[in-house]
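Heads up, the thing below is written out as structure tokens.
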Amino acid sequence: MNSILSVLARRLATTTLVLFGVSVLIFLIARIIPGDPARIALGPRATPEQVERMRETLHLNEPLVTQYFYFLSDLLRGDLGISLYTNRPVMTDIAQFLPATLELVLLAGIFMVAIGLPLGALAARHRGGWPDNIIRVLTLMTVSAPSFVWAVILVLLFSYYLPLFPIAGRIHETIMIPPVTGFMLIDTILAGSWDGFWSALHHLILPAFALSLSGIGQAARLTRSNMVEVYDQPYIEMAQSYGFPEDRIARKYAFKPSLIPSLTIIGLDFAALLGNAFLVETIFAWPGISRYGVGVILQKDLNAIVGTVMIISATFLIANIIVDLLVAYINPRIRYAERSK
Amino acid sequence: MKRALTILLSNPLSVVGLTLVTFVVLTALLADFISPYPEHAGAVVDFLNANKPPSAEYWLGTDVVGRDQLSRIFYAYRVSLGLGVVVLAIAVPIGVTVGLVAGYLGGWADYVLMRITDVFLSIPPLVLALAIMGLLEPTLLNGMIAVTAMWWPWYARLVYNITRAQKVEGYVLAAEVIGAGKLHIIFREILPNCMPSIITKMTLDFGFVILIAASLSFLGLGVQAPTPDLGSMVSEGTRYLPDSWWLTVFPGIAILIAVFGFNLIGDVLREVLDPDL
Amino acid sequence: MSADLALSIRNLALSFKSWSGTSQVLHGIDLEIKRGERVALVGESGSGKSVTARIILGTLHELKSARISGEVWVAGREMSSLSQSERQALRGTDISMIFQDPTTALNPVYTIRQQFHEVLMRGDPKISLSTAEQRSADILREVSITDTERVLESYPFQLSGGMNQRVMIGMALINEPQLLLADEPGTALDVTVQAQTLRLMRDLVRQHGTSVLFISHNLGVVREFADRIYVIYKGRIVETGPAASIFDDPRHAYTKALLAAIPRLTGGGIPEIQEDSEAFFDPMVTHEDVSA
């Protein structure tokens, strides 16, 4: 287990470095844009004196490097500034909107893994045969349309024509749940409302599935190609030489080793889910970070844009650390790194 | 090139892909001649024929101001394809150069360049593009800048990995022994060996650039009205669901057709040229 | 097939069909192994020796492009006449195989214990964990592994190549197969380790009375191991006879060339035969079997 801890330590170190890089990048983009941030913040009717005072407060008259350190120290204290769009601290806004998005993304991630991996394994098991070809065409189709197109098609089919799922929202409008964590599934349980829980789940399924479709395709295609590569390994022929049934070979011998390279990339696909959540939330009127994000972008709300990007990047990097730990857990080479000299 | 074509023509999947792509490219190029209502590409209004379902006159129906959807889709293809060409024409050379230099020179060049690449790769692509668009102005040009900024790091990674592997191959060592310059080795010896992977990835990416561009304009951050664009068409149409379904479904399928076509070709190329991609 | 034969191959031919045409790999070979006999099939890579092993094992039959004719009798069954699942049933029970590189042939993500258990379940699907543990430890001791507990809980990458080789030999023999196929065993190991494990393997199969088909590109390696030798060249058997007789009195031009190519140290390097000679296509030579 010690080596898993060392993987964790190493990843935390590089993640910190990368987050630092992201902060520099975002800071630079935010500073090189045409226009005076103070003027933008105050609006066109502000007097030159007001603008000058604002420049002073925002440290805009100091060298770029000094400005960056002010920015960084605020960031480290969890202070992302005030949003012009909502007039509240950016941190408060994000804390309100992010859980809804994360709930959506997490269920989509579960769909991606629970459907994508078996589909890919099935294709690899029958590589070259008709299940492989059908899965190849289907998965290529799911990655060939943006998630908002799938969202529209799914809503039309399963909300309007076949009214199986609600059209929009997070929970039935008659159910009132006090927000605690912001995760509706958890809050309903905390409130002891099973009706609320089922309603929240019911509202969550269709958007999460729409969001996961291209991820399912990616995961399946990746699993297939890695597993086909594993099938060329000598230990598969050895398993065949012992007459193990092909399905067992697929499950026990080919699938598990192929997970090691697959999972890392699936962590990256998680990033795509976070981004695509913007697209799906619009269709389902999902009160997540997307509506806020697009809003602040259209308002040119600097603090909020910078804050949102930082938080989403951090979320993504944390997800990747979790994936790396999972990989380390599956891969005995990392788990037992110490015992092999 | 000839080999690639033989491969593509001998596989039913890529034949379908080639057909779709040819269709998309032709409609984009010939939009002026084959569109039933070429003038509908602009800011035309025809309220008498507004919001009409598909009919013999308007195959894919009309939008809320009465413009023919089929014509607008043809013109939108023109915008999408143009965007794809421009983005890849900028992003690929940047990414490839970074990857080659970092991979071949190693040392601090490797460290600095690849860490910068990592930073770009650790921001979800769509979010990065959104941030850039937001901080600049939501125009077509800035859209291209945003998409380019999110695209080059993938090429840097890809080429970097190949370069690292090729660096120790005999032909590179041989060139070094006879005293060939670094530039010569990078661009004349190593680059040609990266080309199959680069071309395959470009084919796949062409579809994805179209997809991302549509996503940005879906959020109202890309191509601006009245220029026809598939993403904005879907976005507009969602307000009229479920009754005017043709407003969203047809532009959506149009995106699917174009991207699917490029993906089919890319997938077959990948299988033959670079299974690791 | 007479009862004292563990393997009998009659006029076996193999070709692969592809869209560019058909390529003939085996041109009708005959080969026999008596019960308890150790036979070597020797030839260069590409001579058809490895595909022969895959045909005996029945895995090549699953390949759509393979055209197989002739008869292969194993354990009283003719492979081509069997269904896919019947062939599968023979593998791991009546026939087993040892591979070239033990470290890549063992599954990287399971412990040796788990892999032994899987193999034992081929012989007895309901085998208990404690019995499996017991039998695995027993066979490991037979292959001269004393710290069985540590080896059983190891992953292949934690063991040396020679150790993995012995584990693989143990696995191949644990279900007491009638026929053991060994495809270039130990070629991936260094010379002394290879010689050691081959000696171990020879003693073991003798004790268990297992018939062995030993496939190698190196005549030197099989000298101590085999009772009889078949020399194969481009899909044809060119010479066959008792091992001693082949070594003392090679009669076919190709066998002579192979013998001349044996490196000093047994097993070291791949013998290279300078160039093909017309004489390599001379008719097959059969040595009288003095023991018969």
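Taken in sequence, the protein lines are chains S, A and D.
Heads up: take any position in the first sequence, counting from 1, add 11, and you land on the numbering used here.
Heads up: take any position in the second sequence, counting from 1, add 991, and you land on the numbering used here.
Heads up: take any position in the third sequence, counting from 1, add 213, and you land on the numbering used here.
Cβ atoms here follow ideal geometry from the backbone N, Cα and C, with glycine treated the same way.
Since this is a predicted model, take the numbers as computed values, not measurements.
Out of Pro1217(A), Gly1075(A) and Phe1038(A), which has the shortest C-alpha to C-alpha gap to Phe1253(A)?
Numbered from its first residue, the second sequence carries residue 1253(A) at position 262. Looking at the Cα atoms, Gly1075(A) is the closest of the given residues.
Using a C-beta to C-beta distance shorter than 8 angstroms, which residues of chain D count as neighbours of Phe255(S)?
For this step, residue 255(S) is matched to residue 244 along the first sequence. Gly305, Glu331 and Arg335, listed in chain order.
Residues in the same chain with beta-carbon distance under 8 angstroms from Arg412(D), minus the five sequence neighbours each way, listed in chain order, please.
The count along the third sequence starts at 1 and reaches residue 412(D) at position 199. Counting only Cβ-Cβ distances below 8 angstroms, and skipping sequence neighbours, we find Glu437.
Does DSSP put Asp243(D) in a helix, in a strand, or in coil?
Against the third sequence, residue 243(D) aligns to sequence position 30. Asp243(D): strand per DSSP, three-state reduction.
Please name the residue or residues paired with Phe427(D) in a DSSP beta bridge.
Mapped onto the third sequence, residue 427(D) falls at position 214. BP columns for Phe427(D) point to Ala253(D) and Ala395(D).
Given that Phe229(D) touches chain S, what residues does it touch there, using C-beta distances under 8 angstroms?
Along the third sequence, read from residue 1 onward, the residue named residue 229(D) stands at position 16. The contacting residues do not exist; Phe229(D) stays about 16 angstroms from chain S at best.
Nearest to Phe194(S) by alpha carbon, out of Ala106(S), Leu133(S) and Ser158(S)?
Here the question's residue 194(S) lines up with position 183 in the first sequence. The candidate whose alpha carbon is nearest that of Phe194(S) is Ala106(S).
Residue-chain proximity (Asn342(S), chain E), Cβ-Cβ < 8 angstroms:
Among the protein chains in the structure shown, which are S, A and D, there is no chain E.
Using a beta-carbon distance below 8 angstroms, is Arg1063(A) in contact with chain S?
Residue numbering aside, residue 1063(A) sits at position 72 when the second sequence is read from its first letter. So, not an interface residue.
His240(D) to Phe229(D) span [Cα, whole Å]
The count along the third sequence starts at 1 and reaches residue 240(D) at position 27. The count along the third sequence starts at 1 and reaches residue 229(D) at position 16. Looking at the two C-alpha atoms, the distance is approximately 12 angstroms.
From Asp1220(A), His1031(A) and Ala1041(A), pick the residue whose C-alpha is nearest to that of Phe1209(A); which is it?
To locate residue 1209(A), count along the second sequence from 1; it is residue 218. Closest by alpha carbon: Asp1220(A).
Between Ile182(S) and Asp312(S), what straight-line distance do the alpha-carbon atoms span, to the nearest angstrom?
Translated into positions along the first sequence, residue 182(S) becomes position 171. Translated into positions along the first sequence, residue 312(S) becomes position 301. Ile182(S) and Asp312(S) have their C-alpha atoms some 30 angstroms from each other.
Looking at the secondary structure, which residues open and close the beta strand (DSSP E) in which Phe266(S) lies?
Sequence index remark: in the first sequence, residue 266(S) carries index 255 (1-based). Looking at the DSSP string, Phe266(S) is not in any beta strand (DSSP E), and its letter there is neither H nor E.
With a threshold of 8 angstroms between beta-carbons, can Asp360(D) be considered close to chain S, or not?
Numbered from 1 along the third sequence, position 147 holds the residue referred to as residue 360(D). No - not a single Cβ of chain S is within 8 angstroms of the one on Asp360(D).
Specify, as a first and last residue, the run of the alpha helix (DSSP H) that Arg221(S) falls within.
Numbered from its first residue, the first sequence carries residue 221(S) at position 210. The sequence shown places Ala at residue 221(S), rather than the Arg named in the question. Segment Trp205 to Tyr242, the alpha helix (DSSP H) holding Ala221(S).
Looking at C-alpha atoms only, which residue of Asp307(D), Thr324(D) and Ala226(D) is the closest neighbour of Leu386(D)?
Residue numbering aside, residue 386(D) sits at position 173 when the third sequence is read from its first letter. Closest by alpha carbon: Asp307(D).
What's the gap between the Cα of Val154(S) and the Cα of Phe493(D)?
For the purposes of this step, residue 154(S) is taken as residue 143 along the first sequence, with counting starting at 1. For the purposes of this step, residue 493(D) is taken as residue 280 along the third sequence, with counting starting at 1. Near 57 angstroms, if we compare the C-alpha coordinates of Phe493(D) and Val154(S).
On a CA-only basis, which of Pro1217(A), Ala1137(A), Pro1233(A) and Leu1232(A) is nearest Val1070(A)? Give me that one, please.
One-based indexing of the second sequence puts residue 1070(A) at position 79. Selected option, being the one with the closest Cα: Pro1217(A).
How close, in whole Å, do the beta carbons of Pro1115(A) and Leu285(S) come, if the pair is a contact with beta carbons under 8 angstroms?
Counting from 1 along the second sequence, the entry for residue 1115(A) is found at position 124. Counting from 1 along the first sequence, the entry for residue 285(S) is found at position 274. Rounded, the Cβ-Cβ distance is 5 angstroms, consistent with contact.
Alpha helix (DSSP H) containing Lys1192(A): first to last residue?
Residue mapping note: residue 1192(A) aligns to position 201 of the second sequence, counting from 1. Looking at the DSSP string, the run of the alpha helix (DSSP H) that includes Lys1192(A) is Leu1182 to Phe1209.
Use the C-beta contact count for Ile329(S): other C-beta atoms within 10 angstroms, 16 or more gives buried, fewer gives exposed.
Along the first sequence, read from residue 1 onward, the residue named residue 329(S) stands at position 318. Classification for Ile329(S): exposed.
Limits of the beta strand (DSSP E) - the one that Ile442(D) falls within:
Position 229 of the third sequence holds residue 442(D). Segment Arg441 to Tyr446, the beta strand (DSSP E) holding Ile442(D).
CA-to-CA distance, Glu397(D) to Gly481(D), given in whole angstroms:
Here residue 481(D) corresponds to residue number 268 of the third sequence, with the count starting at 1. Here residue 397(D) corresponds to residue number 184 of the third sequence, with the count starting at 1. Summary for Gly481(D): the model assigns pLDDT 48, below 50, so the residue's position carries little reliability, and this model does not support an answer.
Taking Ile1169(A) as the query, report the chain S residues whose CB atoms sit under 9 angstroms from its CB, ordered along the chain.
Residue mapping note: residue 1169(A) aligns to position 178 of the second sequence, counting from 1. Simply none; closest approach about 36 angstroms.
Please state if the CB of Gly1057(A) and the CB of Asp1037(A) are separated by a distance shorter than 8 angstroms.
Position 46 of the second sequence, counted from the first residue, corresponds to residue 1037(A). Position 66 of the second sequence, counted from the first residue, corresponds to residue 1057(A). Yes, Cβ-Cβ distance for Asp1037(A) and Gly1057(A) is below 8 angstroms.
Through-space distance from Arg415(D) to Ala466(D), alpha-carbon basis:
Locating residue 466(D) in the third sequence gives position 253, where the first residue counts as 1. Locating residue 415(D) in the third sequence gives position 202, where the first residue counts as 1. Spanning the two alpha carbons is a distance of roughly 29 angstroms.
Quick check on DSSP: helix, strand or coil for Phe1159(A)?
Position 168 of the second sequence, counting from 1, holds the residue named residue 1159(A). With the sequence shown as reference, residue 1159(A) is identified as Val, and Phe is not the correct amino acid for it. In this structure, Val1159(A) counts as coil in the three-state DSSP scheme.
Backbone CA spacing between Val1083(A) and Ile1153(A) [nearest angstrom]:
The sequence position of residue 1083(A) within the second sequence is 92, counting from 1. The sequence position of residue 1153(A) within the second sequence is 162, counting from 1. Using only the alpha carbons, I get a separation of about 15 angstroms.
By the criterion of Cβ-Cβ separation under 8 angstroms, what are the contact partners of Tyr246(S) in chain D?
Within the first sequence, the letter at position 235 stands for residue 246(S). Within 8 angstroms Cβ-Cβ: Thr317, Ala318, Leu319, Asn320 and Pro321.
Under a CB-based cut-off of 8 angstroms, is Phe427(D) close to chain S?
Counting from one through the third sequence, the residue named residue 427(D) turns up at place 214. Judged by the 8 angstroms Cβ criterion, Phe427(D) is not in contact with chain S.
Residue-level contact to chain A via CB, Met5(S), 8 angstroms cutoff:
Residue 5(S) is absent from the model: chain S starts at 12 and stops at 352.
The beta strand (DSSP E) with Lys230(D) in it runs from where to where?
Along the third sequence, one-based indexing puts residue 230(D) at 17. Where Lys230(D) is concerned, the enclosing beta strand (DSSP E) stretches over Leu218 to Ser231.
Listed from N- to C-terminal order along the chain, which residues in the segment 1026-1056 of chain A have their beta-carbon within a distance smaller than 9 angstroms of any beta-carbon of chain S?
Those would be none; no residue qualifies.
Could you tell me the alpha carbon to alpha carbon distance between Pro142(S) and Phe255(S), rounded to whole angstroms?
One-based indexing of the first sequence puts residue 142(S) at position 131. One-based indexing of the first sequence puts residue 255(S) at position 244. Near 21 angstroms, if we compare the C-alpha coordinates of Phe255(S) and Pro142(S).
Would Pro390(D) be called buried (16 or more neighbouring beta carbons within 10 Å of its own) or exposed?
The count along the third sequence starts at 1 and reaches residue 390(D) at position 177. Classification for Pro390(D): buried.
For Thr1053(A), write down the residues that DSSP places opposite it in a beta bridge.
Taking the second sequence and counting its residues from 1, one reaches residue 1053(A) at position 62. In DSSP, Thr1053(A) forms a bridge with Asp1059(A).
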